[in-house]
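Chemist:
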Amino acid sequence: MKTPPTPHAPAPNRLFALDLLRTLACFLVIWQHVIEPYYAYPDLTIVRNADTPIVGWINSLTPIEVPLFVMISGYFLLPLREKTSTFFRRRFTRVLFPFVCWCIVYAIYYMFQRGDTWQECLLNICHIPVNFGTEIGHLWFVYMLLGLYLLVPVLSPWLQQCSRKQLQAYLGLWLFTTCLPYIHLYFPLVLGECFWNPTPMLHYFTGFVGYFLLGHYIRRYGPLSIRTSLIMLITGYLVTVCIYQYRLPRVSSMSDLEVCWRFCGINIAIMAYAVFSLVSRIRWKGNNAIGHFITRFSLLSYAVYLSHMIFINLYRELLEDTLGRVYYQVPVITLCSFLTSFIIVWLLSYLPKAKYWLGS
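Residue numbers (the working numbering): 3 to 362.
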């Protein structure tokens, strides 16, 4: 009698280091969403207490999570290796269907969690094509990712024929644009920026496309050395902490405080490049229980990403008042949410047609 196939069984030629990176990125996402109420109130003003400075030390690595996800996508998807129609069908099916399903889940969940009416629930669902209809902030990522997918057929012909120096030149200009969040603190309008021009001089070199191409660059030319990676990681982390601590007493809003945590800021970019390089050098194949967990988690990470806010809210209510200071609360709530999200998604993955609404 044949044994039925296990859902989402890992392929024999998977790159374990990339599974580890994806799992790490997912953990950091959950950490970031757990810690937000410890430095910002719901009205986006800054929390002022003894824990707020500590947040700068324990949260200044987490903003690399989204860059890591994008670099992993660029590593695997660039340049295009199949028909454009096949690529779009596979990627959009895997990403868009689960996204819509979880938006609906959140709309229904909020009827119970915050008392939304049926009318508000239906309005949230109808709002999905406009902008993550249920006002769940982390779902912005899906729109950005779909936009990068649309660029793949445009970027691929150039990547297939460009030289290393040409790719480095583009990445160099992109790296300069990661300084713009800090330049804008002193010069609000630069390089042709004005209200009637939404595309200033280096507009097409900005944003997550740089991480997308950086992932491809690493696959093509290899990661940084361990020594360089460690120097960049430590420097980027300390600079990020210092900027946070400097701005904390001087600004009043979450957006002004978070300038040092912008995903496309230079300090975050160099840390993301360093961490990707360090982890991608790991030669461990993950052939034990921990490795199998990491691989399985990686396979289900998109569904964990979509669903984790439900479990964060649950554990905040259960544990927040019992754990004391932020450096106890955040790790415990993060770990509980991380593991519970995975277990629930893993169990759901055995249901029929799960890949269409879990994205695994």
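All C-beta atoms, glycine included, are put in the ideal place defined by N, C-alpha and C.
Following the continuous alpha helix (DSSP H) through Thr237, name the residue where it begins and the one where it ends.
Modeler: Start and end: Ile228 to Arg249.
Chemist: Assign His310 to one of two classes, buried (16 or more other C-beta atoms within 10 Å of its C-beta) or exposed (fewer than that).
Modeler: Burial call: buried.
Chemist: Cα separation between Phe101 and Leu235?
Modeler: Distance between the alpha carbons of Phe101 and Leu235 is about 33 Å.
Chemist: What residues in its chain sit with their C-beta under 7 Å from that of Leu325, if we drop five residues either side in the sequence?
Modeler: Counting only Cβ-Cβ distances below 7 Å, and skipping sequence neighbours, we find Gln331 and Val334.
Chemist: If you check the beta carbons only, do Ser282 and Ala27 fall under 7 Å apart?
Modeler: Cβ distance not < 7 Å, so Ser282 and Ala27 don't count as in contact.
Chemist: At what residues does the alpha helix (DSSP H) containing Tyr352 begin and finish?
Modeler: Per DSSP, Tyr352 belongs to no alpha helix (DSSP H) and is neither H nor E.
Chemist: Below 7 Å between beta carbons: does that hold for Ile74 and Arg24?
Modeler: Closer than 7 Å, so yes.
Chemist: Can you list, in chain order, the residues of its chain whose CB lies under 6 Å from that of Tyr151, leaving out five sequence neighbours each side?
Modeler: Here the set comprises Arg93.
Chemist: Please name the residue in Leu280, Arg91 and Ile60 whose C-alpha comes closest to that of Tyr1.
Modeler: In the structure as shown, the chain starts at 3 and stops at 362, and residue 1 therefore has no counterpart that could be examined.
Chemist: Determine contact between the stretch 254-273 and the stretch 173-183, defined as no fewer than three beta-carbon pairs at a distance below 8 Å.
Modeler: Yes, they touch.
Chemist: Output needed for Ala446: all residues of its chain with C-beta closer than 7 Å, excluding positions within five of it in sequence on either side, in chain order.
Modeler: As shown, the chain starts at 3 and ends at 362. That puts residue 446 outside it, with no answer to give.
Chemist: Please classify Val211: is it buried, with 16 or more other beta-carbons within 10 angstroms of its beta-carbon, or exposed?
Modeler: Val211 should be labelled buried.
Chemist: Could you have a look at Met3 and say whether DSSP puts it in helix, strand or coil?
Modeler: For Met3, the predicted model reports a pLDDT of 40, less than 50, meaning its position is unreliable; a value from the coordinates is still stated below. In this structure, Met3 counts as coil in the three-state DSSP scheme.
Chemist: Going by C-alpha distance, which of Tyr329, Pro131 and Leu302 is nearest Tyr352?
Modeler: Per the Cα distances, Leu302.
Chemist: Taking buried to mean at least 16 other C-beta atoms within 10 Å of its own C-beta, is Ala276 buried or exposed?
Modeler: When all chains shown are included, Ala276 counts as buried.
Chemist: Return the CA-CA distance between Ile345 and Leu141, expressed in angstroms with no decimal places.
Modeler: Roughly 21 Å separates the two Cα atoms.
Chemist: Bridge partners for Cys196 per DSSP, in chain order?
Modeler: Paired residue(s): Asn199.
Chemist: Please state the DSSP three-state secondary structure of Ile138.
Modeler: Looking at Ile138 - three-state DSSP - the assignment turns out to be coil, as it is neither helix nor strand.
Chemist: Considering Phe71, what are the terminal residues of the alpha helix (DSSP H) in which it resides?
Modeler: It spans Glu67 to Leu79 - the alpha helix (DSSP H) in which Phe71 sits, taken as one unbroken run.
Chemist: Going by DSSP in three states, Ala42 sits in which element: helix, strand or coil?
Modeler: It is a strand residue.
Chemist: Could you check where the alpha helix (DSSP H) with His129 kicks off and where it finishes?
Modeler: Note, His129: premise wrong, no alpha helix (DSSP H); not H, not E.
Chemist: By Cβ distance below 7 Å, which residues in the same chain neighbour Arg166 in space, the five residues on each side in sequence not counted?
Modeler: Only Tyr223 meet the Cβ criterion.
Chemist: How about the stretch 50-67 and the stretch 240-250: do they share at least three Cβ pairs that are nearer than 8 Å?
Modeler: Yes, the stretch 50-67 is in contact with the stretch 240-250.
Chemist: Please report the distance separating the alpha-carbon of Phe189 from that of Trp176.
Modeler: Taking the straight line from one Cα to the other gives about 19 Å.
Chemist: Going by DSSP in three states, Ser257 sits in which element: helix, strand or coil?
Modeler: Residue state, collapsed to three classes: helix.
Chemist: From Tyr172 to Asp21, what distance separates their C-alpha atoms?
Modeler: So the alpha carbons of these two residues sit roughly 28 Å apart.
Chemist: What runs of the alpha helix (DSSP H), each 4 residues or longer, lie entirely inside the stretch 169-195?
Modeler: You should have 182-185.
Chemist: Say yes only if the C-beta of Trp59 is nearer than 6 Å to one or more non-hydrogen atoms of the ligand GDP, and no if none qualify.
Modeler: Of ligands this structure carries none, so the ligand GDP is not represented either.
Chemist: Fully enclosed by the stretch 291-333, which beta strand (DSSP E) runs are 3 residues long or longer?
Modeler: With a minimum length of 3 residues, no continuous beta strand (DSSP E) run stays inside the stretch 291-333.
Chemist: When you compare each of Cys128, Val241 and Val144 to Tyr184 by their alpha carbons, which one comes out closest?
Modeler: Comparing Cα-Cα distances from Tyr184 to each of Cys128, Val241 and Val144, the minimum goes to Val241.
Chemist: In whole angstroms, what separates the C-alpha of Ile220 from that of Ile284?
Modeler: Roughly 14 Å separates the two Cα atoms.
Chemist: Is DSSP giving Ile268 helix, strand or coil here?
Modeler: Residue state, collapsed to three classes: helix.
Chemist: In whole angstroms, what is the alpha-carbon distance linking Ala42 and Arg83?
Modeler: Looking at the two C-alpha atoms, the distance is approximately 44 Å.
Chemist: Which residue's Cα is closest to the Cα of Gly149: Ile233, Arg16, Leu98 and Val192?
Modeler: Among Ile233, Arg16, Leu98 and Val192, the Cα nearest to that of Gly149 is on Leu98.
Chemist: Am I right that His218 and Leu80 are in contact with their C-beta atoms under 8 Å? What's the rounded C-beta distance?
Modeler: Between Leu80 and His218 the Cβ distance is about 4 Å, and since that is below 8 Å, they are a contact.
Chemist: Rounded to the nearest angstrom, what separates Trp120 and Arg96 at their Cα positions?
Modeler: Whole-angstrom Cα-Cα distance: 29 Å.
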